[in-house]
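Per the working numbering, residue 5 is the first one in the sequence shown, and the count goes up by one each step.
Beta carbons are placed, not taken as given, at the ideal position from N, Cα and C, and that holds for glycine.
Heads up: the structure comes next, in structure tokens.
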Amino acid sequence: MFVRPAHRGAGGGAALLTAVEQRTRAAGTDVIRLDTRADLVEARALYARHGYVEIPAYSQDPYAEHWFEKRLR
Numbered sequence: 005m006f007v008r009p010a011h012r013g014a015g016g017g018a019a020l021l022t023a024v025e026q027r028t029r030a031a032g033t034d035v036i037r038l039d040t041r042a043d044l045v046e047a048r049a050l051y052a053r054h055g056y057v058e059i060p061a062y063s064q065d066p067y068a069e070h071w072f073e074k075r076l077r
């Protein structure tokens with residue numbers, strides 16, 4: 005997920021995350037996972053505020069340093 009710098013801090017990331025969760029639920033999926041880099045402190049805080057918990061690595065993406073999961077049901 006990417007929010008242009010000029011729009012950061014205005015709730016755009018939260019709106020995108022909520023929309024993805026709603027579509028994921030509608031598709032019948034009950035878990036959503038994501039990853040991010042260590043330097044993206046704001047992204048990690050956003051995920052934590054929205055109920056994501058840090059989990060062990062589930063991929064070997066060279067740019068991923070933190071992995072998160074949220075149960076939707």
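Can you give the Cα-Cα distance for Ser63 and Glu69, rounded to whole angstroms? For the purposes of this step, residue 63 is taken as the residue at position 59 of the sequence shown. For the purposes of this step, residue 69 is taken as the residue at position 65 of the sequence shown. Roughly 10 Å separates the two Cα atoms.
So Arg29 and Leu76 are in contact, right, with Cβ under 8 Å, and what is the actual spacing, rounded? Reading the sequence shown from its first residue, position 25 is the one you call residue 29. Reading the sequence shown from its first residue, position 72 is the one you call residue 76. Yes, they are in contact, since the Cβ atoms of Arg29 and Leu76 sit about 5 Å apart, within 8 Å.
Could you check where the beta strand (DSSP E) with Leu38 kicks off and where it finishes? The residue you call residue 38 lines up with position 34 of the sequence shown. Note, Leu38: beta strand (DSSP E), Val35 to Thr40.
Taking only three categories from DSSP, how would you classify His54? By 1-based counting over the sequence shown, the position of residue 54 is 50. Looking at His54 - three-state DSSP - the assignment turns out to be coil, as it is neither helix nor strand.
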